[in-house]
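One structure is given below, encoded as structure tokens.
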């Protein structure tokens, strides 16, 4: 049945040459892709690294506000006319209070 | 190209030369176009070339037939879809006969056989075509199709009986 109804056909000539062409073309394409892929990947990796670096740099926490000196604050606990500068980013506090008055007890007589 | 590639190329070309006719005939009975059949065979060998490192060439004939069957089946399905949408008319007859009478006779035979083969389910069609055209024995065909050798024989008998019935009644 197969001999009568299913005749064996001869393939078109030149099949092997065509196959060789296709295989060679495929190899050339693969080599070209490999040749271009490596530099492209390297450039892409460098670009990604730079982008990450820039992103990290910009996300760094901002430094605190610089400290500034306020107007001179009198400090009578040290002495009259002594003043100091409040150097801090925070608001200046109250001036220190003057020291308590010193009493010379040697001049005090105690009577029985 | 490395030495290993040269060896692979030699083995692949030897396989092609040895099985070209069988593979072409198998593909032709799926696509019914000589150009498509040759394309399918070449596609199969290009695929095998890409996977050359994993192929054991002395035993690669079954793989070649299996690949051709898969690709031819896909192309046949694509053709059916294109025809469904009217994108392509029925393919040309084989074109291997020379005279007008021979062409006509070949076209009639082609049409009759094609109708019969096309009506077979895939499981029978693949076995019938492989048995009729491949240079493989039943065991190798079974290995290529993933079925036991006994099943190859029984399916072949069933397919021939169906075709005979079609031809007798058609």
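Protein chains in written order, with the numbering used here: chain A, 76 to 187; chain B, 15 to 184. Each residue gets a CB set at the ideal place from its N, CA and C atoms; glycine is no exception.
For residue 178 of chain B, the enclosing alpha helix (DSSP H) starts and ends at 163-183. For the set A:125, A:86 and A:104, the Cα lying nearest the Cα of residue 53 of chain B is the one of A:86. The beta carbon of residue 84 of chain A falls within 7 Å of a beta carbon belonging to chain B, placing the residue at that interface.
Contact annotation: residue 162 of chain A and residue 144 of chain A have beta-carbon atoms nearer than 7 Å. Distance check between residue 77 of chain B and each of B:126, B:159 and B:176 places B:159 closest, using alpha-carbon atoms only. Residue state for residue 158 of chain A is assigned as strand, using DSSP reduced to three classes. Counting every other CB atom within 10 Å of its CB across the protein chains shown gives residue 89 of chain A a total below 16, marking it as exposed.
Neighbours of residue 101 of chain A in chain B, taken as residues whose beta carbon is under 8 Å from its own, are 60, 63 and 64 in chain order. Only residues of its own chain outside the window of five on either side were considered, and among them 141, 142 and 145 have a CB closer than 7 Å to the CB of residue 170 of chain B, listed in chain order. Residue 150 of chain A: not part of any alpha helix (DSSP H); DSSP gives it neither H nor E. The contact set of residue 87 of chain A on chain B, defined by CB atoms closer than 7 Å, consists of 48 and 52 in chain order. The contact set of residue 97 of chain A on chain B, defined by CB atoms closer than 7 Å, consists of 56 and 60 in chain order. Apart from the 5 residues on each side of it in sequence, residue 39 of chain B sits with its Cβ closer than 6 Å to the Cβ of 147 in its chain, given in chain order. In the three-state reduction of the DSSP assignment, residue 58 of chain B falls in the helix class, which pools H, G and I. Per DSSP, the continuous alpha helix (DSSP H) segment holding residue 136 of chain B begins and ends at 136-147.
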